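Take a look at the structure below.
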Amino acid sequence: MMITINVQLSEGIRCILKETPSTVVVQIPEPMTVKQLALDIGIPPILIAFAIADGEKKSLDDVVESDASIHFFGTMAGG
Amino acid sequence: MLNGYAGTILRIDLTNEKIEKQPLPAELAENFIGGRGFVAKTLFDELPAGADPLGPENLFIAASGPLSGQFMPASGKTHFGCKSPATGGYGDSNLGGHFGPALKYAGYDMMILTGRAAVPSMIVIEDEKVTLEPAGDLWGMGSLSAETRLKAEMGEDFQILTIGPAGENGIAFACITHDFGRQAGRVGIGSVLGSKNIKAVAVKGTGSIPVNDPKALLEEGKRAYRDVRAKPGFTGWTPEGTAGITDWVTRVGALPTKNFQTSYWDRHAKINGAAILRELKITDKGCYCCPTPCGKYGKAKTGLGEVYVEGPEFETISLLGSNCLIDEISEIAYANYVCDELGLDTISAGVVCSWAIECYEKGLLDREAIGKDVQFGDLASVVHLLECIARREGVGDLLAGGVKSAAQKLGQGSEAFAIHVKGLEWSGYECRNAPGMMLAYMTSDIGAHHARAWVLGHDLAGSSGSVHDLISSEGEAEPLPKSEVVGRAANVIASQHLRPLFDLLGICRLQFMELGFEVEHYERLYEVVTGRRMSWEEMLSVSEKVWQLTRSISAREIPGFGRSWDYPPERLMGEPVPDGPNQGHCITRKEVDILLDEYYAMRGWDANGIPKAETLRQFGLEEIAAGMDNWACHRAA
Chain D
1 MMITINVQLS EGIRCILKET PSTVVVQIPE PMTVKQLALD IGIPPILIAF
51 AIADGEKKSL DDVVESDASI HFFGTMAGG
Chain V
1001 MLNGYAGTIL RIDLTNEKIE KQPLPAELAE NFIGGRGFVA KTLFDELPAG
1051 ADPLGPENLF IAASGPLSGQ FMPASGKTHF GCKSPATGGY GDSNLGGHFG
1101 PALKYAGYDM MILTGRAAVP SMIVIEDEKV TLEPAGDLWG MGSLSAETRL
1151 KAEMGEDFQI LTIGPAGENG IAFACITHDF GRQAGRVGIG SVLGSKNIKA
1201 VAVKGTGSIP VNDPKALLEE GKRAYRDVRA KPGFTGWTPE GTAGITDWVT
1251 RVGALPTKNF QTSYWDRHAK INGAAILREL KITDKGCYCC PTPCGKYGKA
1301 KTGLGEVYVE GPEFETISLL GSNCLIDEIS EIAYANYVCD ELGLDTISAG
1351 VVCSWAIECY EKGLLDREAI GKDVQFGDLA SVVHLLECIA RREGVGDLLA
1401 GGVKSAAQKL GQGSEAFAIH VKGLEWSGYE CRNAPGMMLA YMTSDIGAHH
1451 ARAWVLGHDL AGSSGSVHDL ISSEGEAEPL PKSEVVGRAA NVIASQHLRP
1501 LFDLLGICRL QFMELGFEVE HYERLYEVVT GRRMSWEEML SVSEKVWQLT
1551 RSISAREIPG FGRSWDYPPE RLMGEPVPDG PNQGHCITRK EVDILLDEYY
1601 AMRGWDANGI PKAETLRQFG LEEIAAGMDN WACHRAA
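Chains D and V, in that order, are what the protein sequence lines are. Sequential numbering from 1 applies to the first sequence in this note's numbering. Sequential numbering from 1001 applies to the second sequence in this note's numbering.
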């Protein structure tokens, strides 16, 4: 059973990686870390300030185990 | 009737107690959109050249944009402008909350204050009724206390701006407070209001704003909210707000630490977004029409007392926290509260306090000068300095003009670690290995501020498009390669047009920047509100024109203004980072000049960073080009 991940990228990432679409749907054969998922779709983990999966904040080392919608946040300038 | 605008400018000559209302010129709206655009154009046209920033001739401007107060996500921004007491040049700052929409509903797109009231006063605006009322009993009160009292006396329907003792005493980094924790923090805007003897502005608006197609606005607004709420990051971004990036900024070696001595601090997990949730937060707090409230209202318990406070957001965490080595989130929140009540910008305050403590450590300021022994990591030291500053007591008088002024007075090499550009203290990103971000700070039109351009990610991605993957796990600092200097200007310039565009429109940028809210929404919303079709690229062109204008204002106002005003302090230009991911890296003076050469050329400015006449003419700024031979930049400082 493949795991389907819907990845959305913040504008903070897309303004750097201009050729990357705002949404990427990937299927993975087995659970993997957020970091590996990012690498697989060509997003340098260093550009990800944090990730949100189905409403919960995830670290780069957290494992995605089932179908999910993930938003990769780039960096923001607070204030 | 101008759709999207209230249609009236409110002018108050405080010296003569003269209140005038004039129609908003259509060409101003068409050529400068609103907010920051209105501020810049009005300052250039009406500010007497050479005006004293704290004199009656300076202007205090509050302006909204065409999308302010409209039915759409996060339409609550208000822009403020003046000649900056911090830099002597162009100054603006903005805040969220509800003031701008209320001012528009009262009938005014812009409020321009000139002169000086004879006695401490407040301005009360209740739709068409505008009065200047004595406020001597408020003078001396804290910002939050004054707002609390005015709300109790006048009612919750009034939206209120206040200043604290810092604004009354002409502190170069005094802010304006609104909504118990929203600040227009930068450039000393609070001192300009204080110099006019104005303690508060209260506005209640019950009118409406003409809109070109109300039915279409309703539909587009609903669609916008639906789209924002559908973003995967919608529910996850809000809980921590901007504090959520503290860990990342540390991982990439950009966290200002110990007066910018270094850029990495292993205690960041104690002061991050999770710490706010764990130790402080009571509820989220948002601005007008905002679906993603980033404000965090909470209770901080410290050895100095317990306070309720909005914040701290990331900038405050970095400057009052890591930069002062305060490693308890509750203590940072307490210092945040003290700044809010005194009416001090938390960014500048953090930089000034850390500079003073380093001076003490180096023996340049002693116990007698400061009034007590001070040290990094000590909340009581920071609070002591803040209170001295706001009231100009003891060492506070030295620090009142900001870190540039204080270092010039103290000398003895202290200028090298006074962290500012143009006299405005540096905000929350250390960038000795981030040349693009360094350039963004150097060329920001108000001084060292992050909100004008933010390209740290571009620096990390590399100028040639190559990327690094050097982070093995969160929290671990691994070496980053030295970033290339060449090829940085284009991204900085693009960002300097993009981010301030939201300040022209009168809305918050976070839904766009963080949640991926599409540009097409803004184009459609602008059209249904105003009836004018303008592409995103055309709006960016207006933003670019405003950038030329703001640089011109500083060139006109500051004797000797030019390249030397864009340099970072010595600490950030030659002193290698001692530890963390960027250990050993620095940017040299030669590299700084490479950055500036490229930037000036792309901007159409001369080698000294002054806009060329032909450049100004390209943007339709002929009248500005015509007078540039008389600008102060051509005279010796």
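Where is the CB? At the ideal position from N, CA and C, for every residue including glycine. Just so we're clear, the structure is a prediction, and the values are computed from it rather than from any experiment.
Please name the residues in the stretch 1502-1515 of chain V whose beta-carbon is closer than 8 angstroms to at least one beta-carbon of chain D, in chain order. Among the residues of the stretch 1502-1515 of chain V, those with a Cβ less than 8 angstroms away from any Cβ of chain D are Leu1510, Phe1512, Met1513, Glu1514, Leu1515, in the order of the chain.
Within 10 angstroms of the Cβ of lysine 1104(V), are there 16 or more other Cβ atoms? Answer buried if so, exposed if not. In this structure lysine 1104(V) is buried. Its beta-carbon is surrounded by 16 or more other beta-carbon atoms within 10 angstroms.
Tell me, to the nearest whole angstrom, how far the beta carbon of lysine 1199(V) is from that of tryptophan 1139(V); I am working on the premise that it is less than 8 angstroms. Between tryptophan 1139(V) and lysine 1199(V) the Cβ distance is about 6 angstroms, and since that is below 8 angstroms, they are a contact.
Leaving out the 5 sequence neighbours to the left and right, which residues in its chain are closer than 7 angstroms to glutamate 1057(V) when beta-carbon positions are compared? Counting only residues of its own chain and dropping the five nearest sequence neighbours on each side, glutamate 1057(V) has a CB closer than 7 angstroms to the CB of Pro1048, Ala1051.
Name the chain D residues whose beta carbon is nearer than 7 angstroms to that of histidine 1458(V)? In chain order: Ile16.
Which residues does DSSP list as the beta-bridge partners of cysteine 15(D)? The secondary-structure analysis by DSSP pairs cysteine 15(D) with nothing; it has no beta-bridge partner.
Looking at chain V, is there any beta carbon in it that lies within less than 8 angstroms of the beta carbon of proline 44(D)? Answer yes: the Cβ-Cβ gap between proline 44(D) and chain V drops below 8 angstroms somewhere.
Near-chain V residues of the stretch 45-67 of chain D (beta-carbon distance less than 9 angstroms), N- to C-terminal order: Listed by position, the residues of the stretch 45-67 of chain D near chain V (Cβ gap below 9 angstroms) are Pro45, Ile46, Leu47, Ile48, Ala49, Phe50, Ala51, Ile52, Ala53, Asp54, Gly55, Glu56, Lys57, Lys58, Ser59, Leu60, Asp61.
Limits of the unbroken beta strand (DSSP E) element including aspartate 1284(V): Counted as a single uninterrupted DSSP element, the beta strand (DSSP E) harbouring aspartate 1284(V) occupies residues 1281-1285.
Count the other CB atoms within 10 Å of the CB of glutamate 1328(V); is the residue buried (16 or more) or exposed (fewer)? Flag for glutamate 1328(V) reads buried.
Local conformation of serine 1463(V) per DSSP, three classes: Residue confidence for serine 1463(V) is low, a pLDDT of 38 falling below 50, so the modelled location carries little weight and cannot support an answer.
What I want to know is whether the C-beta of proline 1073(V) ends up closer than 7 angstroms to one or more non-hydrogen atoms of the ligand ZN. For the ligand ZN, the structure offers nothing, since it holds no ligand at all.
Can you tell me the Cβ-Cβ gap for isoleucine 1553(V) and leucine 1043(V), rounded? I've got them flagged as a contact below 8 angstroms. About 6 angstroms separates the beta carbons of isoleucine 1553(V) and leucine 1043(V), which is inside the 8 angstroms limit, making them a contact pair.
Best match in Ile1332(V), Pro1568(V), Pro1134(V), Asn1259(V) for proximity to leucine 1304(V) [C-alpha to C-alpha]: Closest in C-alpha terms to leucine 1304(V), from the list Ile1332(V), Pro1568(V), Pro1134(V), Asn1259(V), comes Ile1332(V).
With 16 other CB atoms within 10 Å as the buried threshold, where does glycine 1584(V) fall? Exposed: under 16 other Cβ atoms inside 10 Å.
If you run the structure through DSSP and keep just helix, strand and coil, what is phenylalanine 1619(V)? DSSP places phenylalanine 1619(V) in the coil class of the three-state scheme, outside both helix and strand.
Which of helix, strand or coil DSSP assigns to glycine 79(D): Only weak support is given to the placement of glycine 79(D): the predicted model assigns it a pLDDT of 47, under 50, and the value that follows is read from those uncertain coordinates. It is coil, neither helix nor strand.
Nearest-angstrom Cα separation, counted from valine 1203(V) out to isoleucine 1125(V): A straight line joining the alpha-carbon of isoleucine 1125(V) with that of valine 1203(V) spans about 5 angstroms.
Please name the residues in the stretch 1244-1277 of chain V whose beta-carbon is closer than 7 angstroms to at least one beta-carbon of chain D, in chain order. Cβ contacts with chain D come from Gly1244, Ile1245, Trp1248, Val1252.
What residue does the alpha helix (DSSP H) around proline 1214(V) start on, and which one ends it? 1214-1230 is the extent of the alpha helix (DSSP H) around proline 1214(V).
Just mark methionine 2(D) as buried or exposed, buried being the case when its beta carbon has 16 or more other beta carbons within 10 Å. By the neighbour-count criterion, in which a residue is buried when 16 or more other Cβ atoms sit within 10 angstroms of its Cβ, methionine 2(D) is exposed.
Would you kindly work out how many angstroms separate the C-alpha atoms of valine 1228(V) and tyrosine 1567(V), rounded to a whole number? Taking C-alpha positions only, valine 1228(V) is separated from tyrosine 1567(V) by approximately 40 angstroms.
Specify whether the stretch 1426-1435 of chain V and the stretch 1251-1261 of chain V touch according to this definition: at least 3 beta carbon pairs, one from each stretch, less than 8 angstroms apart. In short, these stretches touch, since the Cβ pair count reaches three.
Would you call isoleucine 1282(V) buried or exposed, if buried means 16 or more other Cβ atoms sit within 10 Å of its Cβ? Looking at its Cβ environment, which holds fewer than 16 other Cβ atoms inside 10 Å, isoleucine 1282(V) is exposed.
Selected residue, minimal CA-CA separation from arginine 1186(V), among Asp1579(V), Gly1620(V), Ser1444(V): Each of Asp1579(V), Gly1620(V), Ser1444(V) was checked against the Cα of arginine 1186(V), and the nearest Cα belongs to Ser1444(V).
For chain D, is any of its Cβ atoms less than 8 angstroms away from the one on tryptophan 1237(V)? Closer than 8 angstroms to the CB of tryptophan 1237(V) there is at least one CB belonging to chain D.
Using the three-state DSSP reduction, which class does threonine 1302(V) fall into: helix, strand or coil? In the three-state reduction of the DSSP assignment, threonine 1302(V) falls in the strand class.
Hey, is threonine 4(D)'s beta-carbon within less than 8 angstroms of any beta-carbon in chain V? Not closer than 8 angstroms to any Cβ of chain V, the Cβ of threonine 4(D) fails to qualify, so no.
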